[in-house]
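Down below is the structure, laid out as structure tokens.
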Amino acid sequence: MKRDVGRNEPCPCGSGRKYKNCCAGRGLSITHKSAGIPVWLLLAMGAVVIAIIALSRTGDRGAAVSRPVAPLSTTDGAGPRPWEYDSVANRHYDPTHGHWHNGPPPPSSARNFQSPGSSPSAAPQSLPGTTPAPWTYDAVNNQHWDPNHGHWHQGPPPAGAR
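Just so it is clear: in the sequence shown, position 88 is 283 by the working numbering, and no numbers are missing.
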């Protein structure tokens, strides 16, 4: 049976204040406390669930960062072969740069370079001890000599460099 609470009596909600200064006029049931879960607890549980989902979706992404950057060595210890593709790390060895690049190697038609041990006709050659004039353009092979880098680049030289 519901007991009527006087306005000057302690509030039955347990706050310690008088009923007239607490729950009176709110239209709330004053016979018992709410049995619901506090909002802050719901928010904390939601944040934990979101964090677990986010961490589970990242999977093995951290392993890609920790892979070694050093070239794969062959059985004879000579290092990687030109344009060797490492499917585990999704990278290829570029002999013109002497290091690994991300992704598969370019098609053989796009590999206009002189790799170590290839024929001397692949790129214009200069005499030993000399270098071509700066920004020399070789129209046959569509490449130019970059004096800043000391090697040939694909395409014509930059407009301001001639």
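Just so it is clear, CB atoms sit at the ideal spot from N, CA and C, and this is done for glycine as well.
As the structure is a computational prediction, the values presented were derived from the model and not from experiment.
Taking the beta carbon of residue i as the centre, do at least 16 other beta carbons fall within 10 Å, making it buried, or is it exposed?
i      : result
Gln338 : buried
Trp340 : buried
Pro233 : exposed
Ser313 : Legend: pLDDT at Ser313 = 45, less than 50; position of this residue unreliable, value from coordinates given subsequently. Flag for Ser313 reads exposed.
On a CA-only basis, which of the options is nearest residue i? Give me that one, please.
i      : options                           : result
Ala334 : Thr325, His344 and His348         : His348
Gly220 : Leu237, Gly211, Thr291 and Val200 : Val200
Arg306 : Glu204, Leu237 and Pro277         : Pro277
His346 : Thr291, Pro302 and Trp295         : Thr291
In whole angstroms, what is the alpha-carbon distance linking residue i and residue j?
i      : j      : result
Lys213 : Pro207 : 9 Å
Pro327 : Asn336 : 15 Å
Gly231 : Ser251 : 30 Å
Asn343 : Gly293 : 18 Å
Ser304 : Thr253 : 37 Å
Ala239 : Gly209 : 25 Å
Cys217 : Leu236 : 24 Å
Trp295 : Ala242 : 41 Å
Thr325 : Ala249 : 58 Å
Pro302 : Val283 : 19 Å
Please work out which residues of its chain come closer than 8 Å, Cβ to Cβ, to residue i, disregarding the five sequence neighbours upstream and downstream, and give them in chain order.
i      : result
Gly298 : Asn285, Arg286 and His287
Pro205 : Gly211, Arg212, Lys213 and Tyr214
Asn203 : Lys213, Tyr214 and Lys215
Ile247 : none
Below 8 Å on the Cβ atoms is my contact criterion, and I expect residue i with residue j to pass it. Report the Cβ-Cβ distance as a whole number of Å.
i      : j      : result
Tyr332 : Pro353 : That belief does not hold up - the Cβ atoms of Tyr332 and Pro353 are roughly 11 Å apart, past 8 Å.
Within the 7 Å Cβ cut-off, does residue i reach chain C?
i      : result
Ile232 : The displayed structure is made up of one protein chain only, and chain C is not part of it.
Excluding five sequence neighbours on each side, which residues of the same chain lie with their C-beta closer than 6 Å to the C-beta of residue i?
i      : result
Ala356 : Trp330
Excluding the 5 residues flanking residue i on each side, which residues of the same chain have their C-beta closer than 7 Å to its C-beta?
i      : result
Pro300 : Trp278, Tyr280 and His287
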